[in-house]
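Before any comments, here is the structure.
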Amino acid sequence: MTFVMSKEDLRSWLGQLMEERTLIAPTSTDGLILFQQIARVEEVVLDFDNTVLPPKGCFFPATETLFTVQREDGRINLIPSVVARETVLFGLRPCDANGIALLDKPFLAEPSDTLYQQHRDKTILVGLSCNKVSPECFCTSVGGAPNDSSHLDILLTKIEEGCIIQAITERGKALLPLKQAPQTEAQPPSPPCPEVVPVAGALEVIRQVFGDTYWSRLADRCIHCNLCAYVCPTCYCFDVRDYEDGGRIERVRTWESCQSPGFTRIAGGYDPRSSGGARLRQRFYHKLLYFAEQFGAISCVGCGRCVKFCPVNIDIREVVRDIQSLGVKGGA
Ligand code: SF4
Ligand code: SF4
Numbered sequence: 012m013t014f015v016m017s018k019e020d021l022r023s024w025l026g027q028l029m030e031e032r033t034l035i036a037p038t039s040t041d042g043l044i045l046f047q048q049i050a051r052v053e054e055v056v057l058d059f060d061n062t063v064l065p066p067k068g069c070f071f072p073a074t075e076t077l078f079t080v081q082r083e084d085g086r087i088n089l090i091p092s093v094v095a096r097e098t099v100l101f102g103l104r105p106c107d108a109n110g111i112a113l114l115d116k117p118f119l120a121e122p123s124d125t126l127y128q129q130h131r132d133k134t135i136l137v138g139l140s141c142n143k144v145s146p147e148c149f150c151t152s153v154g155g156a157p158n159d160s161s162h163l164d165i166l167l168t169k170i171e172e173g174c175i176i177q178a179i180t181e182r183g184k185a186l187l188p189l190k191q192a193p194q195t196e197a198q199p200p201s202p203p204c205p206e207v208v209p210v211a212g213a214l215e216v217i218r219q220v221f222g223d224t225y226w227s228r229l230a231d232r233c234i235h236c237n238l239c240a241y242v243c244p245t246c247y248c249f250d251v252r253d254y255e256d257g258g259r260i261e262r263v264r265t266w267e268s269c270q271s272p273g274f275t276r277i278a279g280g281y282d283p284r285s286s287g288g289a290r291l292r293q294r295f296y297h298k299l300l301y302f303a304e305q306f307g308a309i310s311c312v313g314c315g316r317c318v319k320f321c322p323v324n325i326d327i328r329e330v331v332r333d334i335q336s337l338g339v340k341g342g343a
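Per the numbering used here, the very first residue in the sequence shown carries number 12; after that it's consecutive.
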């Protein structure tokens, strides 16, 4: 089902959505485009490359209380956190919707993460096609596309007079204002073409370069800032801590990164990935090999955020090319 919606009708539809649900959409804060809860429709930004942070925080927040333990009248109560309100996540790019589908694999595998499951069940995904590509994007090299609707409920494509709206799922269809939007035969414009990166070629030889000194040389540049993990829509390392306050204990989950020194340290002090090279190699091997072995898909959607934000220019596209050429040399 495809509709054209004018800019005015789009604003009024968003206003209606906000009356009954939480609306999260791209906004501009001090020049940064960020997903935030919308208080006024005017805050929603439609003209942007991509948000600084991916929308994974809507399902796997940077910090979240999993449950609270409270002592009351001599009894100990465990109170699980609950997601109560329906949310519309508006304006996410197709690569980020693919990122959410990849996060589903570990979080929803049995036994599933109940809080993540609640966030997913309560959230409708309204995507926005890319009408231009950033220099860092390479979604088509990892199975995506600037107009990919695979993991969305609704897909919007901006045109001169407003938006072409495609209802992808029944859930998405039910969200649309049927009276306002005339059905159309109009086809969305052709999507732009992102850079091609030889991911398939690198995957063929990745096992051969595991022991190469390449990883420790590359890691000499890494400052372990964890930015690559925090801006990545598919990274999901976390830490869990308990905070006590007057007899009440909260168990809190926070984002972590396999790049953190000590992330894999175990009881007794041994750390199987104590060197920077081993940690950096783990990042790329997990994305390109281990995740795929476990879940059937590589764990990168080609959003380019890690390329853009790494302060020392460690570039996954360059790493993929290096893996390919080192593997070819080693195999010759
Ligand atoms: S590894 Fe980099 S390019 Fe791939 S999904 Fe994560 S942030 Fe995006
Ligand atoms: S963003 Fe760059 S410097 Fe920071 S941890 Fe990742 S690879 Fe290392």
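Glycine is no exception: its CB is placed at the ideal position from the N, C-alpha and C atoms. Here the structure is a predicted model, which means the values were calculated and not measured.
Is residue i a contact residue of ligand 1, with contact defined as CB to any heavy atom under 6 Å?
{"i": "Ile327", "result": "yes"}
{"i": "Cys269", "result": "no"}
{"i": "Thr74", "result": "no"}
{"i": "Val312", "result": "yes"}
{"i": "Thr180", "result": "no"}
{"i": "Cys243", "result": "yes"}
{"i": "Gly212", "result": "no"}
{"i": "Gly155", "result": "no"}
{"i": "Cys317", "result": "yes"}
Answer yes or no: the CB of residue i versus the heavy atoms of ligand 2, is any distance below 6 Å?
{"i": "Met237", "result": "Here the sequence assigns Asn to residue 237, which means Met is not the residue at that position. For ligand 2, at least one heavy atom lies less than 6 Å from the Cβ of Asn237."}
{"i": "Cys321", "result": "yes"}
{"i": "Ile334", "result": "no"}
{"i": "Cys233", "result": "yes"}
Name the one or two DSSP bridge partners that residue i has.
{"i": "Ser39", "result": "Ile44"}
{"i": "Val137", "result": "Phe101, Ile165"}
{"i": "Glu83", "result": "Arg86"}
{"i": "Ile260", "result": "Val80, Glu255"}
{"i": "Glu75", "result": "Arg264"}
{"i": "Leu34", "result": "Val99"}
{"i": "Ile170", "result": "Gly173"}
{"i": "Phe249", "result": "Trp266"}
Nearest-angstrom Cα distance between residue i and residue j?
{"i": "Glu255", "j": "Phe274", "result": "23 Å"}
{"i": "Leu64", "j": "Ala36", "result": "12 Å"}
{"i": "Val207", "j": "Ile176", "result": "28 Å"}
{"i": "Leu89", "j": "Val80", "result": "5 Å"}
{"i": "His297", "j": "Ser268", "result": "12 Å"}
{"i": "Arg104", "j": "Val331", "result": "23 Å"}
{"i": "Met12", "j": "Ala178", "result": "6 Å"}
{"i": "Val137", "j": "Cys174", "result": "12 Å"}
{"i": "Asp253", "j": "Gln305", "result": "30 Å"}
{"i": "Leu21", "j": "Glu181", "result": "20 Å"}
{"i": "Leu43", "j": "Arg82", "result": "43 Å"}
{"i": "Gly257", "j": "Gly85", "result": "15 Å"}
{"i": "Gln27", "j": "Val216", "result": "52 Å"}
{"i": "Ala185", "j": "Gly287", "result": "50 Å"}
{"i": "Cys69", "j": "Asp60", "result": "20 Å"}
{"i": "Thr76", "j": "Ile277", "result": "24 Å"}
{"i": "Phe118", "j": "Phe221", "result": "28 Å"}
{"i": "Ile165", "j": "Asp41", "result": "29 Å"}
Using three-state DSSP, classify residue i as helix, strand or coil.
{"i": "Glu295", "result": "Correcting the residue identity first, residue 295 is Phe in this sequence and not Glu. Note: Phe295 maps to helix in three-state DSSP."}
{"i": "Gln270", "result": "coil"}
{"i": "Pro91", "result": "strand"}
{"i": "Leu25", "result": "helix"}
{"i": "Ile176", "result": "strand"}
{"i": "Ser2", "result": "The requested residue 2 does not occur in the structure, where the chain is confined to residues 12 to 343."}
{"i": "Phe302", "result": "helix"}
{"i": "Ser17", "result": "strand"}
{"i": "Cys148", "result": "coil"}
{"i": "Ala120", "result": "coil"}
{"i": "Lys340", "result": "helix"}
{"i": "Asp115", "result": "helix"}
{"i": "Arg182", "result": "helix"}
{"i": "Lys319", "result": "helix"}
Between the stretch 144 to 161 and the stretch 308 to 315, are three or more C-beta pairs nearer than 8 Å? Yes: at least three Cβ pairs fall under 8 Å.
Do the stretch 129 to 138 and the stretch 290 to 298 touch if we need at least three Cβ pairs shorter than 8 Å? Not touching, per the Cβ criterion.
Pairing CB atoms from the stretch 90 to 97 with CB atoms from the stretch 45 to 61, are three or more of them under 8 Å? No, because fewer than three Cβ pairs between the stretch 90 to 97 and the stretch 45 to 61 fall closer than 8 Å, the two stretches do not touch.
If you pair each beta-carbon of the stretch 238 to 248 with each one of the stretch 63 to 78, do three or more pairs fall below 8 Å? yes
Is it the case that the stretch 220 to 239 contacts the stretch 315 to 328, given that we only count it when at least three CB pairs across the two stretches are under 8 Å? yes
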